[in-house]
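I have placed the structure first, in the form of structure tokens, so that the comments after it can refer back to it.
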Amino acid sequence: MLNLYTHTAYSTEVLTEDQLDKQMDNLREIEAAADKAWRTVASGTLLSTPTSARVTMSLNVLKPNPANRPK
Amino acid sequence: MARGFTRAVVASVRFLDGSVEGGPAAFTVINRDGWFLTAMHVLGPMFAWQEHQPALDDYNMRAAAIVADAKLDARKKKKQRDRLHPNPKWVTNYSFAWMAANDGSSIDTPVTFKLFPELDLAVGRLVPFDPSWIETYPKFGTPGTLEIGSSLCRLGFPFNSLSCGWDADAGKFSLTGSGICFFPNEGIYARNFVEQWAPQGNPAMFYETSSPGLLGQSGGPLFDRQGTIWGIQSHTAHLPLHFKSRLPVGDGKTAEVHQFLNVGRAVPVDNILPVLEAEGIAFEIAEGAGGVGGGI
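Going line by line, the protein sequences match chains A and B.
Numbering of the first sequence is given in the working numbering, commencing with residue 6 and proceeding in unit increments.
Numbering of the second sequence is given in the working numbering, commencing with residue 14 and proceeding in unit increments.
If you want it as structure tokens, here you go:
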């Protein structure tokens with residue numbers, strides 16, 4: 006059986022400061038919009054998360070890249 | 014032990030400009046019926062999508078009308094569309110992959126939640142759910158019995174390099190990477206902290222620990238050495254230390270940088286268990302739990 010959860014992280018590309026800043030900007034955009042939306046949510050509200058687009062869990066997420074293994 | 018009931022959820026978001034972001038957070042499965050807990054803010058992409066949807070619909074309608082206008086040539090169509098000034102960061106698609114099973118699959122059917130914004134708590138149920146997906150079912154500590162100074166641990170999925178993409182042909186997100194690793198960090202129970210988490214409702218109490226919760230641990234358990242759950246990781250606060258350090262910032266210049274203690278705050282069992290009882294959701298209390306590792 007394939008094991009999604011591993012004990013080992015493999016190195017991947019290192020993000021530049023600009024890329025990290027862009028990621029943080031995107032996260033802040035989501036947080037700001039989400040904060041506005043959930044101001045209207047009352048305690049105990051029932052809500053479903055309809056998936057607007059399914060996630061395809063690509064199998065290569067489970068296959069470590071040998072090139073990234075520790076030497 | 015906590016690995017047995019802590020699972021990853023990967024949120025993916027696509028913006029109008031085509032860029033895609035995504036990453037894992039955590040959820041904590043609590044019983045054999047598939048009920049689980051997570052932090053409500055983990056569902057942020059869905060709320061962002063809801064917030065942006067009216068403006069996005071309006072933009073799409075206006076853009077379609079311009080495209081369909083036979084009186085306009087291509088140059089005028091482009092000019093008119095440019096005048097619409099859409100926000101490139103409107104959320105056009107989002108998805109949550111609930112990875113309850115340890116086999117690489119995810120539950121991507123709609124998941125129904127009860128939301129408690131003032132607590133930053135969401136209680137959800139996985140359907141379909143196979144109880145064998147979870148190796149160990151958790152027990153909760155007794156509210157009001159945890160001693161200050163108790164050794165605790167937080168578990169989740171920070172520092173994972175998942176790459177989220179968009180498959181335009183299939184209209185789906187795709188994920189690539191090298192697997193998802195657990196990452197725990199330790200902290201002691203420092204104090205209770207009451208704050209107004211959501212603008213509506215009453216202020217709520219959180220358990221504060223001496224170390225930060227990390228991006229990717231939200232929704233994961235805060236537990237003791239026996240694996241007993243005392244809280245669900247919510248957020249991290251930055252307490253000013255009133256120290257400054259002087260650091261080089263280039264060109265021979267330096268800047269004084271304020272220092273902070275980053276502390277994690279968790280939704281406590283004191284607030285979780287009454288919700289579960291009110292909803293009729295089964296849970297188990299650990300025998301003799303409480304007062305572990307305190308002694309200050």
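For each residue, glycine too, the CB sits at the ideal point set by N, CA and C.
Residues of chain B whose Cβ lies closer than 9 angstroms to the Cβ of LEU25(A) do not exist; the shortest such Cβ separation is about 12 angstroms. Secondary structure of TYR150(B) (DSSP, three-state): coil. For a Cβ distance threshold of 9 angstroms, nothing in chain B lies close to THR21(A): the least Cβ distance comes to about 14 angstroms. For LYS27(A), the enclosing alpha helix (DSSP H) has its first and last residue at 22-42. For GLU269(B), the enclosing beta strand (DSSP E) stretches over residues 266-281. The shortest C-alpha to C-alpha distance from TRP179(B) to any of VAL23(B), ARG16(B) and ARG27(B) is the one to ARG27(B).
Boundaries of the alpha helix (DSSP H) harbouring ILE79(B): 57-81, taken from the DSSP string.
Listed in chain order, the beta strand (DSSP E) runs fully inside the region 209-252 of chain B are 217-222 and 234-236, counting runs of at least 3 residues. Exclusion of the five residues before and after ALA15(B) leaves LEU168, PRO234, PHE236 and GLY240 as the residues of its chain whose Cβ lies within less than 6 angstroms of its Cβ. In the three-state scheme derived from DSSP, where H, G and I count as helix and E and B as strand, ASP180(B) is classed as strand. Within the region 22-47 of chain B, VAL23, SER25, VAL26, ARG27, PHE28, SER32 and GLU34 place their CB atoms closer than 8 angstroms to a CB of chain A, listed in sequence order. In this structure ILE79(B) does not touch PHE296(B) by the C-beta definition: roughly 55 angstroms separates them, more than the 8 angstroms allowed. Between the beta-carbon of THR222(B) and that of VAL276(B) there is about 6 angstroms, and that keeps the pair under the 8 angstroms contact cut.
Residue contact check for GLN63(B) against chain A: a CB pair falls below 8 angstroms.
A distance of 8 angstroms or more separates the beta carbons of GLN246(B) and LYS257(B). Within the region 14-43 of chain B, the complete beta strand (DSSP E) segments at least 3 residues long are 19-28 and 33-42, listed from N- to C-terminus. LEU56(B) counts as buried, since at least 16 other C-beta atoms from the protein chains shown sit within 10 angstroms of its C-beta. Rounded to whole angstroms, the separation of the alpha carbons of MET112(B) and PRO123(B) is 13 angstroms. In its chain, beyond the 5 residues on either side, THR267 and GLU269 have a beta carbon closer than 6 angstroms to the beta carbon of ARG259(B). Burial check for THR13(A): the Cβ neighbour count within 10 Å stays below 16, so the residue is exposed. By a beta-carbon distance limit of 8 angstroms, PHE206(B) does not contact SER25(B). Their separation comes to about 32 angstroms.
The C-beta of VAL270(B) comes no closer than 8 angstroms to any C-beta of chain A. In the three-state DSSP reduction, PRO123(B) falls in the coil class, being neither helix nor strand. Put simply, the CB of GLU208(B) is far from chain A, with every gap to its CB atoms at 8 angstroms or more. Classified as buried, GLY35(B) has 16 or more neighbouring CB atoms from the shown chains inside 10 Å of its CB. Nearest to ALA203(B) by alpha-carbon distance, out of CYS194(B), PHE219(B), ASN215(B) and PRO197(B), is PHE219(B).
In this structure, the CA atom of LEU252(B) is about 58 angstroms from the CA atom of LEU85(B). For ASP30(B), the CB contacts under 6 angstroms within the same chain, skipping 5 residues up- and downstream, are PRO101 in chain order. In the structure shown, the three-state DSSP call for HIS255(B) is strand.
The count of Cβ pairs closer than 8 angstroms, one atom from the region 20-34 of chain A and one from the region 89-98 of chain B, stays below three, leaving the stretches out of contact. When 7 angstroms is used as the limit between beta carbons, PHE219(B) is near no residue of chain A, the shortest such separation being about 16 angstroms. Any Cβ of chain A closer than 8 angstroms to the Cβ of ASN284(B) would place that residue at the interface, and such an atom is absent. The C-beta of PHE60(B) comes closer than 8 angstroms to at least one C-beta of chain A. One Cα belongs to ASP143(B), the other to LEU52(A), and the distance between them is close to 23 angstroms. PHE49(B) is the residue among SER32(B), PHE49(B) and VAL33(B) whose C-alpha sits nearest the C-alpha of THR19(B).
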